[in-house]
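What follows is a short report on a single structure.
Residue numbers (my numbering): 859 to 1060.
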């Protein structure tokens, strides 16, 4: 209940002050596991992504974010869970796999860090691996304008573009090769680039 209230309040703020627009919301299935991926330019991207879809999203976020006042508390409320960077974190990986096994939505930012220029950074294969192991579709989601609008600024516009689900039935539940992961990751990034061009051309 608290999750929905917080999302609603943030949505009202975005609509009033940032002319928040969402395209492709109908592309999100109402049930079943999903790996939802976004581009990353702002600390607030997980919040924007979560508020842009109707389902509950669980996020993997670097543990340092949970120490930031306001943001740390907010992402905890929005179902983020910490991951240690620079070392294997089995607890975080188990949590992510369990989320998908339960038929829920896992949100990831495959660039692994924020882009300072706004251009897409190379995607890591983790998102593809989670999806293929769980038999879950991957949905790319481009977030435009988040770098200049948060926190607490009343300028700029936020445009969110949600792509169609990507299915890889031929690879679900199978042992995938590094070539398979590279191909899927490349396709995801290409789809994200198309979503980005669509937003920037508006």
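Glycine included, every Cβ here is placed at the ideal spot set by N, Cα and C.
Local conformation of residue i per DSSP, three classes
{"i": "residue 1030", "result": "coil"}
{"i": "residue 1049", "result": "helix"}
{"i": "residue 1060", "result": "Its pLDDT being 48, under 50, residue 1060 is placed unreliably in this model, and the coordinates cannot settle the point."}
{"i": "residue 1018", "result": "strand"}
{"i": "residue 886", "result": "coil"}
{"i": "residue 1061", "result": "Past the edges of the chain, shown from 859 to 1060, lies residue 1061, and the structure says nothing about it."}
{"i": "residue 881", "result": "strand"}
{"i": "residue 1002", "result": "strand"}
{"i": "residue 867", "result": "helix"}
{"i": "residue 966", "result": "strand"}
CB-CB length for residue i against residue j, believed under 8 Å
{"i": "residue 903", "j": "residue 1004", "result": "6 Å"}
{"i": "residue 1078", "j": "residue 1057", "result": "The question about residue 1078 has no answer here: the residues shown for the chain are numbered 859 through 1060."}
{"i": "residue 935", "j": "residue 871", "result": "Actually they are not in contact, since the Cβ atoms of residue 935 and residue 871 sit about 15 Å apart, beyond 8 Å."}
{"i": "residue 869", "j": "residue 918", "result": "Going by Cβ atoms, the distance from residue 869 to residue 918 rounds to 23 Å, so no, they are not a contact pair."}
{"i": "residue 1029", "j": "residue 1038", "result": "6 Å"}
{"i": "residue 885", "j": "residue 1022", "result": "5 Å"}
Within 8 Å, strictly: CB atoms of residue i and residue j
{"i": "residue 999", "j": "residue 907", "result": "yes"}
{"i": "residue 894", "j": "residue 976", "result": "no"}
{"i": "residue 1019", "j": "residue 990", "result": "no"}
{"i": "residue 1046", "j": "residue 981", "result": "yes"}
{"i": "residue 878", "j": "residue 1016", "result": "yes"}
Residue burial classification, residue i (beta-carbon count within 10 angstroms, cutoff 16)
{"i": "residue 1060", "result": "Annotation note: pLDDT 48 at residue 1060 (below 50); position unreliable, coordinate value reported separately. With fewer than 16 other Cβ atoms within 10 Å, it is exposed."}
{"i": "residue 876", "result": "buried"}
{"i": "residue 873", "result": "exposed"}
{"i": "residue 865", "result": "buried"}
{"i": "residue 1048", "result": "exposed"}
Legend entry - Contained alpha helix (DSSP H) runs [length at least 4] in the stretch 905-964, N- to C-terminal order: 929-935, 948-959
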